[in-house]
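The block underneath contains the structure these notes are about, expressed in structure tokens.
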Amino acid sequence: MRGARRAVAVAATAVLCFALYVALISEIVWPQLVVAGVAAVVASGAGYAAARLLTSGPERPEPAWRGGMARAAAAVPVQIVADARWLALPVPSGARAEFHGPAPAGPDWTGLVTLLLSAAPGTFVTQIDPQRGTFVLHRLGPGPDLVERGLGR
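Numbered per this note's numbering, the sequence shown spans residues 5 to 157.
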């Protein structure tokens, strides 16, 4: 089952890469389609291998945190659009907050949580305590955003 799931993930990513390549080229001809297919498969395989390398190891958090990562990643585009309101509205003074992640998460998960929390313009990480799994945040909004809520479940 895991092998089939891996194959589907790589194939789906390859299809998306192929579609992106085709959307970017100016003229659709057979040689370009062949190059697009090869590049898509190579990029998809490399991306999958990199993801496996970065998310494996003894310090891997429990499955609940992996689900939170997926929810947070899905919330990033919505949060970016929501934070765009700060371009039109007066910017509040901001607030300091703490987010508690998985304590013994390791550097790869700490980096991923930092990236997700800082991806939207309304929140960014200012300090990290990896031993406690604490991230100090600066927020423009009054409370946790969608990304924080996705990670916090």
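By construction, the Cβ of each residue, glycine as well, lies at the ideal position given by its N, Cα and C atoms.
DSSP, read as helix, strand or coil, puts I132 in strand. The residues V14, in chain order, have a CB closer than 7 Å to that of G49 in the same chain once the five nearest residues on each side in sequence are set aside. Note that the C-beta distance between A99 and R143 is below 8 Å. Assignment of A124 by DSSP, reduced to helix, strand and coil, places it in the coil class.
From the listed residues A74, A18, L120, the smallest Cα separation to Y52 is found for A18. In the structure shown, the three-state DSSP call for A53 is helix.
In the three-state reduction of the DSSP assignment, L144 falls in the coil class, being assigned neither a helical nor a strand state. As the crow flies, the alpha-carbon of F22 is around 18 Å from that of R10.
Taking 8 Å as the cut-off, the Cβ atoms of L121 and E152 count as close. Nearest to A16 by C-alpha distance, out of G41, I29, V33, is G41.
In the DSSP assignment, the residues bridged to A101 are L141. DSSP, reduced to helix, strand and coil, places D149 outside both helices and strands of the structure shown, so it counts as coil. Using a 10 angstroms sphere on the CB of L93, the tally of other CB atoms stays under 16, which defines it as exposed. Apart from sequence neighbours up to five positions away, the residues of its chain that approach A47 with a beta-carbon distance below 7 Å are C21, ordered along the chain.
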